[in-house]
Structure formats: C-alpha cells, structure tokens
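Take a look at the structure below.
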Amino acid sequence: MARYDLSEAAALDFENIFDYGIDTFGLKQALKYQNKLKERFEMLAEQPEQYPAIDDICSGFRRSVFGAHSIYYRVESSSVLIVRILGQQNPDDAF
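Shown next, in the form of structure tokens:
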C-alpha cells in the first residue's frame, strides 16, 4: 500500500477545513467531506502521476482539485507529501 504524509501546513489546513465545515455545514457534512479528502489522499498515494504537474506555480508539485479545495503535493521516493490544501487562497502566497 502506498503512503502519504501531510506537512505541518497541510495538517493545519485539514483541521481548518474541518472546523469551517462544522461551523458552516454541520458535523455530519464536515465528517463526510473530511473522509472524502482522506480517500483522495490515499488515491494520490496510489496514483501520484494522475494529476498534472504545476511547475509554473511551484516546481516539482502537482495539484488535485477536490470539491472547493486544491490539494498541492509532491511525489517523494517512498510516499506522497501533501504540502497544502487550499480553498480560494492564492497559491503564490501559500508556498
């Protein structure tokens, strides 16, 4: 089974997305979105080349759009590192 890791910034993004989801949509919907995000992380680990490189934004990174968020990640030797999970933030300011 392939592995993924979250950077400290991505872990904070993940937590903030969950908190916002609870406040805006309720616990049930926030949990559903969180679980679907985790499924996408697992899929990225299994098939990291499926999504396009975004060298114009950040060299060596790829992006997967999920719902209202973009998952920015880097393929490493034995895993995928999820670097950020951004909504409407400007990626140039996030890296």
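For the sequence shown, my numbering assigns the number 1423 to the initial residue and increments by one for each residue that follows. For glycine and all other residues, C-beta sits at the position ideal for the given N, C-alpha and C. Predicted model only: the values in this text are computed from it and were never measured.
Given residue i as reference, the closest of the options once Cα atoms are compared
{"i": "serine 1481", "options": "Asp1441, Tyr1494, Ser1501, Ala1490", "result": "Tyr1494"}
{"i": "methionine 1465", "options": "Gln1511, Ala1424, Ala1475, Arg1485", "result": "Ala1424"}
{"i": "proline 1474", "options": "Ser1486, Glu1430, Ile1444", "result": "Ser1486"}
{"i": "leucine 1428", "options": "Gln1511, Gly1509, Arg1496", "result": "Arg1496"}
Straight-line gap, residue i to residue j (C-alpha atoms, nearest Å)
{"i": "phenylalanine 1463", "j": "isoleucine 1504", "result": "8 Å"}
{"i": "lysine 1460", "j": "glutamine 1472", "result": "17 Å"}
{"i": "proline 1470", "j": "valine 1502", "result": "7 Å"}
{"i": "arginine 1451", "j": "histidine 1491", "result": "Checking the sequence, you will find glutamine at residue 1451 rather than arginine. Cα-Cα distance, rounded: 15 Å."}
{"i": "phenylalanine 1483", "j": "glutamate 1498", "result": "10 Å"}
{"i": "aspartate 1478", "j": "aspartate 1435", "result": "22 Å"}
{"i": "glutamine 1510", "j": "serine 1500", "result": "30 Å"}
{"i": "glutamate 1430", "j": "glycine 1448", "result": "25 Å"}
{"i": "isoleucine 1507", "j": "tyrosine 1426", "result": "14 Å"}
Those residues which DSSP pairs with residue i across a bridge
{"i": "leucine 1428", "result": "Ile1504"}
Residue i Cβ short of 7 Å to the ligand PLP heavy atom set
{"i": "alanine 1475", "result": "Absence of the ligand PLP is noted for the structure shown, with no ligands found whatsoever."}
Inter-stretch contact at 8 Å, needing at least 3 Cβ pairs: the region 1433–1440 / the region 1451–1465: These segments touch.
Sequence ranges, alpha helix (DSSP H) only - wholly within the region 1441–1509, length at least 4: If we require 4 residues or more, the alpha helix (DSSP H) runs fully inside the region 1441–1509 come out as 1449–1468.
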